[in-house]
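Here is the structure we will look at.
Residue numbers (our numbering): 1 to 197.
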């Protein structure tokens, strides 16, 4: 997997005060992401995903998700995936939702316009759903942490036939994301490096 260390700040409606964050980090064969925010309706969302892969993100072997007061584990097999003890037969690529960041970056770096895969929710009681990532025309992003950023690669995520997320990529990093009613903006790399020291 590619090395990534990214911190995104979440905003609802306005861009004057962030409402928590998403931290994603991968190194070697491990990817970890931690999310926490409160929706405009007052719902607290928090979770922590740990994923293992010896190759690309789509070649993952196992993941563990901690959130909503429970822990869900999954293991990949040659013909499917076992999520919390429930086996699902899968014939193509599959990925847990919070690891989508790495697949977005892989798509932008590839020669492909689209990738179809199975979206795995990180809960034991939700089925797998058909999904796709597709490159769209380049776009400008107005970011509260970077200002206006021109000529970003725009990637749209569709799950079960409905667009759920949009990502903007510039210089090998996702600098902004739209999660339906929520937006997140990544801190610049030099800021993340300074926070890590």
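C-beta atoms are modelled at their ideal positions from N, C-alpha and C, and glycine is treated no differently.
Identify whether residue i lies in helix, strand or coil by the three-state DSSP scheme.
i, result
"residue 68", "coil"
"residue 99", "helix"
"residue 132", "strand"
"residue 89", "strand"
"residue 160", "coil"
"residue 53", "strand"
Let me confirm a value: residue i is counted as buried when at least 16 other C-beta atoms fall within 10 Å, else exposed. Which label applies?
i, result
"residue 71", "exposed"
"residue 198", "For residue 198 there is no data in the structure shown, the boundaries of the chain being 1 and 197."
"residue 180", "exposed"
"residue 104", "buried"
"residue 111", "exposed"
"residue 43", "exposed"
"residue 96", "buried"
"residue 190", "exposed"
Excluding the five sequence neighbours on either side, which residues of its own chain have a C-beta within less than 7 Å of the C-beta of residue i, listed in chain order?
i, result
"residue 25", "4, 5 and 32"
"residue 89", "79 and 80"
Can you tell which of the options has its C-alpha closest to the C-alpha of residue i?
i, options, result
"residue 65", "121, 176 and 76", "121"
"residue 101", "182, 69, 173 and 21", "173"
"residue 28", "43, 193 and 54", "54"
"residue 134", "128, 144, 145 and 108", "108"
"residue 1", "166, 61, 145 and 191", "61"
"residue 98", "154, 83, 119 and 56", "119"
"residue 160", "130, 184 and 185", "130"
"residue 76", "68, 67, 91 and 69", "91"
"residue 144", "150, 184, 154 and 189", "184"
Taking 8 Å as the limit between beta carbons, can you name the residues of its chain near residue i, skipping five residues before and five after?
i, result
"residue 152", "138, 139, 140, 141, 168, 169, 170, 175 and 176"
"residue 251", "Not covered by the structure: residue 251. The range shown for the chain is 1 to 197."
"residue 132", "114, 115, 116, 117, 157 and 158"
"residue 182", "10, 11, 12, 37 and 39"
"residue 163", "156 and 157"
Report the partner residues of residue i according to the DSSP bridge assignment.
i, result
"residue 35", "22 and 47"
"residue 149", "141"
"residue 118", "94 and 130"
"residue 178", "166 and 183"
So is residue i in contact with chain B if we call contact Cβ pairs under 9 Å?
i, result
"residue 134", "In the displayed structure, chain B is absent; only one protein chain is listed."
Sorted by chain position, which residues of the same chain lie with C-beta nearer than 6 Å to residue i's C-beta, five sequence neighbours on each side aside?
i, result
"residue 58", "93"
"residue 50", "32 and 64"
"residue 194", "none"
"residue 45", "37"
"residue 166", "156 and 178"
"residue 20", "10, 36 and 37"
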